[in-house]
Amino acid sequence: MAGPEIERLMHILARLPGLGPRSARRAALHLIKRRETALDPLLAALGEVQAKVRVCSTCGSVDTQDPCAVCADVRRDPSVLCVVEDVDDLWALERTNAFPGRYHVLGGVLSALDGVGPQDLNLGRLATRAADPAVKEVILALSATVDGQTTAHYIADHLKDCGVTVSGLAHGVPVGGELDYLDDGTLSQALRARRPV
Amino acid sequence: MEWRDAGIVLGARQHGESSLIVTLLTSAHGRHAGLVKGGMSKAARGLYQPGNLLTVTWRARLEDQLGLYACELAEANAAALLSHPGRLGALTAACAVAEAALPERQSHPLLFDATVALLAALRDAPEPGYGAAYVEWEAVLLQDLGFGLDLSACAVTGSTDDLAWVSPKTGRAVSTEGAGPWREKLLALPAFLLGAEEGPEPDATAIAQGLRLTGWFLDRHALAAQDRRLPPARVRFAQRWTEHIPPS
Chain F
3 MAGPEIERLM
13 HILARLPGLG
23 PRSARRAALH
33 LIKRRETALD
43 PLLAALGEVQ
53 AKVRVCSTCG
63 SVDTQDPCAV
73 CADVRRDPSV
83 LCVVEDVDDL
93 WALERTNAFP
103 GRYHVLGGVL
113 SALDGVGPQD
123 LNLGRLATRA
133 ADPAVKEVIL
143 ALSATVDGQT
153 TAHYIADHLK
163 DCGVTVSGLA
173 HGVPVGGELD
183 YLDDGTLSQA
193 LRARRPV
Chain Z
32 MEWRDAGIVL
42 GARQHGESSL
52 IVTLLTSAHG
62 RHAGLVKGGM
72 SKAARGLYQP
82 GNLLTVTWRA
92 RLEDQLGLYA
102 CELAEANAAA
112 LLSHPGRLGA
122 LTAACAVAEA
132 ALPERQSHPL
142 LFDATVALLA
152 ALRDAPEPGY
162 GAAYVEWEAV
172 LLQDLGFGLD
182 LSACAVTGST
192 DDLAWVSPKT
202 GRAVSTEGAG
212 PWREKLLALP
222 AFLLGAEEGP
232 EPDATAIAQG
242 LRLTGWFLDR
252 HALAAQDRRL
262 PPARVRFAQR
272 WTEHIPPS
């Protein structure tokens with residue numbers, strides 16, 4: 003149907019998240035038909051990303067500079083460190099504009115099933131950063147899953163001698179959530195974490 | 032092929048972008064995996080957390096196929112334990128050990144009932160009683176796998192009194208008198224494993240001893256036969272209790 007180069011492009015596109023074989027075929031065709039407006043800019047962007055993007059040696063995020071823009075920003079509050087599982091969680095928190103501090107990206111969570119242990123996570127650097135006298139609080143912004151919370155408790159144990167306050171995100175009713183539609187686990191967590199109004 | 036059963040989630044792995052391969056410990060079908068289409072969705076993800084008790088329907092064209100699961104939540108155990116480090120550690124250790132040690136698709140009704148009891152103890156038992164419940168669960172697991180401890184009488188003297196040790200070779204109990212000069216080589220037997228109704232409540236030392244005892248036989252017998260070692264989650268759980276023991 004198409005030459006091997008186009009087949010290869012479609013095969014590679016089909017492996018990207020959110021794309022299947024059909025949507026990869028449409029994307030490949032779109033790129034081929036709109037060479038100047040779509041293919042060339044995409045190639046240039048990919049080339050730039052490949053050449054410039056690196057992992058931040060301070061927090062483990064990705065950026066075109068090292069240290070990354072968040073770590074290098076002097077307006078950020080150095081006393082609060084937010085620990086996240088991966089870069090997409092960091093981006094999600096940044097979108098809220100609610101967190102003025104700095105981040106630390108673990109690169110995963112402890113997982114019994116997948117054989118991920120503490121040595122596989124970016125924990126050594128976290129202990130060094132938490133021991134900095136400027137850091138007063140470490141917020142564990144990890145998923146409300148068994149693996150996420152197991153990791154949170156492990157880190158809390160790990161940091162207990164660093165002299166920092168270790169806190170975690172609240173679990174409960176989401177904004178716009180109706181109680182009738184919430185699962186039992188979220189409801190029971192929300193009840194346990196109730197606060198005076 | 033179709034069956035309906037109760038199942039406890041042992042683990043779930045992402046399959047493709049939106050599906051999960053979920054492994055359950057079921058009442059009548061043992062450790063059994065199945066595909067859950069759409070299991071990665073926001074609404075469904077919480078259902079497949081380790082420790083949750085589900086009502087499942089499994090369907091496949093042939094018996095040997097992976098098959099599809101349709102699940103409903105019966106008890107949200109994971110959510111109840113998320114904020115308790117020790118209890119959550121016990122849950123992850125139990126799921127990891129069961130996942131590693133149990134053969135697939137072989138019925139273990141005794142162990143299923145013991146796991147339901149363990150989950151109830153993790154939710155409700157006071158500190159540190161849940162640790163003893165975990166050790167008792169591992170003893171049932173060993174028994175179900177054919178490596179059960181024989182704690183009925185002393186292997187040396189035949190006495191049923193003062194049983195305080197277990198032979199690391201045979202898994203049989205040994206009394207203080209029978210241990211004699213071999214005491215150093217034996218594993219300590221905590222009193223709560225003898226099922227005595229009277230006696231002191233198990234403390235952290237007794238639970239650490241129990242974990243060392245069951246861990247020894249799991250590691251050397253049940254898991255070594257499959258070229259596996261104790262899962263890291265189980266090692267970390269045992270460390271929690273060892274760190275509680277005051278230096279003697």
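Which chain is which? The protein sequence lines are F and Z, in order. Just add 2 to the spot in the first sequence (first one is 1) and you have our numbering. Just add 31 to the spot in the second sequence (first one is 1) and you have our numbering. Glycine included, every Cβ here is placed at the ideal spot set by N, Cα and C.
**OP:** Could you have a look at leucine 225(Z) and say whether DSSP puts it in helix, strand or coil?
**Re:** The answer is helix: DSSP assigns leucine 225(Z) an H, G or I state.
Subject >> Identity of the residues DSSP links to tyrosine 105(F) by a beta bridge >> reply: Looking at the DSSP assignment, tyrosine 105(F) forms a beta bridge with Cys84(F).
Original post:
Can a CB atom of chain F be found closer than 7 Å to the CB of proline 231(Z)?
Top reply: Contacts with chain F at 7 Å (Cβ-Cβ) do not include proline 231(Z).
Subject >> Buried or exposed (CB count within 10 angstroms, at least 16 for buried), glutamate 169(Z) >> reply: Around the beta-carbon of glutamate 169(Z), 16 or more other beta-carbon atoms lie within 10 Å, marking it buried.
Subject >> Same chain, Cβ closer than 7 Å to alanine 143(F), five either side skipped, listed in chain order >> reply: Correct list, in chain order: Cys84, Val85, Val86, Asp91, Leu95, Leu171.
**OP:** Please confirm if glutamine 96(Z) has its CB atom under 7 Å from at least one CB of chain F.
**Re:** Chain F, which has no Cβ nearer than 7 Å to the Cβ of glutamine 96(Z), makes this no.
**OP:** Check the C-beta distance from alanine 204(Z) over to leucine 220(Z) and give it rounded, since I have them as a contact under 8 Å.
**Re:** Your pair alanine 204(Z) and leucine 220(Z) checks out as a contact, with CB atoms roughly 6 Å apart and the cut at 8 Å.
**OP:** Could you tell me whether any Cβ in chain F is nearer than 7 Å to the Cβ of proline 278(Z)?
**Re:** Only weak support exists for where proline 278(Z) lies, its pLDDT of 42 falling under 50; the value from the coordinates is given anyway. Chain F places no beta carbon closer than 7 Å to that of proline 278(Z), leaving this residue out of the contacts.
Subject >> Rounded distance between the beta-carbons of alanine 129(F) and histidine 160(F), thought under 8 Å >> reply: With a Cβ gap of about 6 Å, histidine 160(F) and alanine 129(F) count as contacting.
Subject >> Identity of the residues DSSP links to tyrosine 100(Z) by a beta bridge >> reply: Per DSSP, Trp89(Z).
**OP:** Buried or exposed for asparagine 108(Z), please, with buried defined as at least 16 other CB atoms from any protein chain shown within 10 angstroms of its CB.
**Re:** Buried, since its Cβ has 16 or more Cβ neighbours within 10 Å.
Subject >> Any non-hydrogen atom of the ligand NAP closer than 6 Å to aspartate 193(Z) Cβ >> reply: Inclusion of the ligand NAP in the displayed structure is not the case, the ligand content being empty and no account of it being possible.
Original post:
Using a C-beta to C-beta distance shorter than 8 Å, which residues of chain Z count as neighbours of glycine 119(F)?
Top reply: Under the 8 Å cutoff, chain Z gives Pro263.
**OP:** Kindly identify the DSSP beta-bridge partner or partners of glutamine 45(Z).
**Re:** According to DSSP, glutamine 45(Z) bridges with Leu51(Z).
Original post:
How would you list, in chain order, the residues of chain F whose beta-carbon sits under 8 Å from the beta-carbon of arginine 44(Z)?
Top reply: Residues of chain F whose Cβ lies closer than 8 Å to the Cβ of arginine 44(Z) are, in chain order, Leu115, Asp116.
Subject >> Near-chain F residues of the region 68-95 of chain Z (beta-carbon distance less than 9 Å), N- to C-terminal order >> reply: Those residues of the region 68-95 of chain Z placed with their C-beta closer than 9 Å to a C-beta in chain F are Ala74, Arg76, Gly77, Leu78, Gln80, Pro81, Gly82, Asn83, ordered along the chain.
Original post:
For chain Z, is any of its Cβ atoms less than 7 Å away from the one on valine 148(F)?
Top reply: Yes, valine 148(F) counts as interfacial toward chain Z.
Subject >> Residue from Lys35(F), Asp182(F), Asp185(F), Val107(F) with nearest C-alpha to valine 64(F) >> reply: Nearest neighbour of valine 64(F) by Cα position, chosen from Lys35(F), Asp182(F), Asp185(F), Val107(F), turns out to be Val107(F).
Subject >> Cutoff 7 Å: aspartate 186(F) Cβ touching any chain Z Cβ >> reply: Interface residue, yes.
Subject >> CB contact below 7 Å: threonine 123(Z) versus chain F >> reply: So, interface residue.
Subject >> Start-end ranges of the beta strand (DSSP E) lying completely within the region 236-270 of chain Z, minimum 3 residues >> reply: Taking only runs of at least 3 residues, no beta strand (DSSP E) segment lies wholly in the region 236-270 of chain Z.
Original post:
Exposed or buried, which one is histidine 13(F) when buried takes at least 16 other CB atoms within 10 Å?
Top reply: Only exposed fits histidine 13(F), as fewer than 16 other CB atoms lie within 10 angstroms of its CB.
Subject >> glycine 117(Z) versus arginine 154(Z) - alpha carbon distance >> reply: Taking the straight line from one Cα to the other gives about 11 Å.
Subject >> DSSP-derived helix/strand/coil call for valine 197(Z) >> reply: Three-state DSSP puts valine 197(Z) in a strand.
Original post:
Taking the alpha helix (DSSP H) that serine 25(F) falls in, what are its first and last residues?
Top reply: In the DSSP annotation of this structure, the continuous segment of the alpha helix (DSSP H) that includes serine 25(F) starts and ends at 23-35.
Subject >> Backbone CA spacing between alanine 132(Z) and isoleucine 238(Z) [nearest angstrom] >> reply: If you take the alpha carbons of alanine 132(Z) and isoleucine 238(Z), they lie about 21 Å apart.
Original post:
Do we get a CB-CB distance below 7 Å when we pair arginine 169(F) with the residues of chain Z?
Top reply: Checking the sequence, you will find serine at residue 169(F) rather than arginine. When Cβ-Cβ separations below 7 Å define contact, serine 169(F) makes no contact with chain Z.
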